[in-house]
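Undergrad: I am attaching a structure below and will ask some questions about it afterwards.
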């Protein structure tokens, strides 16, 4: 099989796996609580999808690496075919179960076919494990030089880990002699970083060897921890982005994290793309004083490089530039970058020279790259220097030349302080969707960096792929969500972005917002229709994410929206529930938000009463008000009445209040009061029987939707009217469910047996 056919096979199997997942979801939907074997099958396919994601990355052609049609590759093809066969059988079985059948029919079909499904699952697991092993054996390595470095990386780094080699001044690797390299050739440095695969060991092994004529040889060995974004320790990186020094200090004091900790995805420290990239220079100072290494290398660049890009970007005032230069001592930085004369003119390092004059004299160096591969055009775009950029384009500068990180000039225009350079680059023929080494497009970059539609709109008009995923499947909308860029998120959604797109980990924009966003962004996504019921590939629900990383305000926003489709007792693949996380976290305010077991069960039911009996003086009315304001789902119509002894204690007062609130929220329902009003006239408000009839008819209307009636302090209801109240509540809760399937009562009272006993039959 040729590589193109292999790629086509991967695509076919990925599509087949997606179809199977849909079938499993349809099957699970036929059950109130899906059987364990269905969930196990779903987990099996989810594990397979993660491996197929690696395989799809592997299948991408590389001009520098011809395909290796070896025995190992042939074995890989065979195992892929086996996976495809098992998935096809499973798809056929699921189709026969769920097609054209009621829930009862689907359940019956599943019982008959469950043993066959178990056999297919066993075969699928074996094929998956063999495919996994073959992928590990067939490795295409790729070498990428950045800042005198080689990243021996592979799309299989999730399986095998990743190796980074960096060097300075080594004779074997040193470029041909020029002004800069000859001046510094006496300093030798060699860095090796191996990132263990996260499933094996959450650590990196960093070996640094340096030699200078004055100090002699020096070797250091470090084993920094690797932290995944979904882990609670990842809060360090978000605090660094936000410049929250007290928060970082608290995490350091408790020993939860250290300044050398890295992200598992790209090997970044808090100093790297989190404090330095977000211009949190006071935070940079704090991290450096705490022991962070300004020369530490990640899979892409060094912190000191990021800082100097800010200095040269034209975005900082002179005082800030001086402060940053003091933090990241770089007197030799400009020399080490190997800037051409044109570079230096664009960067303002030769203020007496004129760019047009230099280009008139010679354009031979117009596409020359600095040591990071960045051209003068890229620097002009990054500095939002439209005049220099247009001049370079007019003289023939290459608008599609990538640097060693894979970034094009359009990436840098998308990151600049002003959007003025985006359209000129597009007009000159720049590719709208170039991908850097992390598969990020300019739309990714600007969605993360700016909250300004003027950066996004020209890219979309030029045809940018609005749902393109990066190396982990994150879309531009996810970047905007993660960074709290509300206007950017609004623009992306208005132009058709998929709000429910998933990363290779099964994470959605809503998950990322709960993990790292703001309550305002969360409210926006929920109002825009984000799916709250999806799980990641590890079986974690939105409640898992909220309990693990969300703030109290985040959790409250979720609960206010309503989570009827989310099982609060669901466990992930490790058997951990949201409640386990809340208990481990030890924060009572979270526990209070996720209410009592009976309350959670009642929320999931379609129609039933819930009685909360509370001793005198323990705040039953306060509880009722809290639930009305915060604990009950906002997607439900909520009506309430608080009984008070003597002045507010009749059933007529209660029904009138409930009807008034119901009609205020659903004006069309007032038509159900008109027949009784024509019959009773002004006497309607004095007829308990007529008022109950109006309420029953209004609740039956399909337009009404789900309704929760809150009646507080039943013990203060007039004694002679209490029996009528209970009779009607019972009738609506246990009567014709077709008509009352959306009505629930929440009732509070003191624990008087004459009241509580009325509910035991319910």
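Residue numbers (full-length UniProt numbering): 1 to 762.
C-beta atoms are modelled at their ideal positions from N, C-alpha and C, and glycine is treated no differently.
Since we're looking at a predicted model, the values are computed, not measured.
1) Quick check on residue 195: does DSSP put it in helix, strand or coil?
2) Taking three-plus beta-carbon pairs below 8 Å as touching, is the region 505–519 in contact with the region 20–31?
3) Alpha carbon to alpha carbon, what distance is there between residue 382 and residue 390?
4) Identify, in the order they occur along the chain, each residue of the same chain with its Cβ nearer than 6 Å to the Cβ of residue 447, setting aside the five sequence neighbours on each side.
5) Measuring only the C-alpha atoms, how far is residue 677 from residue 721?
6) Taking the alpha-carbon of residue 420 as reference, which of 322, 119, 454 has the nearest alpha-carbon?
7) Who are the near neighbours of residue 650 in its chain, counting only those whose CB is closer than 7 Å to its CB and skipping five residues on each side?
8) Could you tell me whether any Cβ in chain C is nearer than 8 Å to the Cβ of residue 683?
9) Within a Cβ cutoff of 7 Å, which residues of the same chain sit near residue 38, ignoring the five residues on either side of it in sequence?
10) CB-CB under 8 Å to residue 669, same chain, minus the five flanking residues each way: which ones, in chain order?
11) If distances are taken between C-alpha atoms only, which option among 320, 264, 251, 126 comes closest to residue 193?
12) I'd like to check one pair, residue 744 with residue 607: are the Cβ atoms closer than 8 Å?
13) Quick one: using the 10 Å Cβ neighbour count with 16 as the cut-off for buried, is residue 474 buried or exposed?
14) Tell me the DSSP bridge mates of residue 206?
15) From residue 609 to residue 257, what does the alpha carbon distance come to, in whole angstroms?
16) Could you check the C-alpha separation between residue 218 and residue 304 for me, to the nearest Å?
17) Roughly how far, in whole angstroms, is the beta-carbon of residue 262 from the beta-carbon of residue 318, given that I think they are within contact range, below 8 Å?
18) Within 10 angstroms of its Cβ, does residue 616 collect 16 or more other Cβ (buried), or is it exposed?
19) In this structure, does DSSP put residue 185 in helix, strand or coil?
20) Between the beta-carbon of residue 271 and the beta-carbon of residue 292, is there less than 8 Å?
21) DSSP three-state label for residue 632, please.
22) Please state the DSSP three-state secondary structure of residue 111.
23) To which residues of the same chain is residue 679 closer than 8 Å at the C-beta, ignoring the five residues directly before and after it?
24) What are the start and end residues of the beta strand (DSSP E) that includes residue 707?
25) Can you give, in chain order, each stretch of the beta strand (DSSP E) that sits fully within the UniProt repeat "ANK" (472–504) and has at least 3 residues?
26) Please name the residue or residues paired with residue 641 in a DSSP beta bridge.
27) For my contact list, residue 750 and residue 613 are in at a C-beta cut-off of 8 Å; report their separation, rounded to the angstrom.
28) Give the range of the beta strand (DSSP E) segment to which residue 749 is assigned.
29) My understanding is that residue 312 touches residue 359, with C-beta atoms under 8 Å, so please give their C-beta distance in whole angstroms.
30) Between residue 533 and residue 500, how many whole angstroms is the CB-CB distance? I'm expecting something under 8 Å.
31) Within 10 angstroms of its Cβ, does residue 200 collect 16 or more other Cβ (buried), or is it exposed?
32) What's the C-alpha gap between residue 404 and residue 374?
33) Quick check on the DSSP output: the beta strand (DSSP E) that includes residue 613 runs from which residue to which?
34) Per DSSP, residue 648 forms a beta bridge with which residues?
35) What would DSSP say about residue 414, mapped onto helix, strand or coil?
TA: By the coordinates alone:
1) strand
2) no
3) 13 Å
4) 476, 479, 480, 488
5) 23 Å
6) 454
7) 718, 721
8) The structure shown contains no chain C; it holds only a single protein chain.
9) 24, 27, 28
10) 662, 663, 698, 701, 703, 704
11) 264
12) yes
13) buried
14) 193, 222
15) 48 Å
16) 21 Å
17) Their Cβ separation, rounded to whole angstroms, is 33 Å, which puts residue 262 and residue 318 out of contact at 8 Å.
18) exposed
19) Note that residue 185 scores a pLDDT of 44, beneath 50, so its modelled location is shaky; the value from the coordinates is reported in the next line. Looking at residue 185 - three-state DSSP - the assignment turns out to be coil, as it is neither helix nor strand.
20) yes
21) coil
22) helix
23) 690
24) 707–712
25) none
26) 711
27) 7 Å
28) 743–749
29) In fact, because the Cβ distance is near 20 Å, the residues do not count as touching under 8 Å.
30) That belief does not hold up - the Cβ atoms of residue 533 and residue 500 are roughly 10 Å apart, past 8 Å.
31) exposed
32) 8 Å
33) 609–613
34) 644
35) helix
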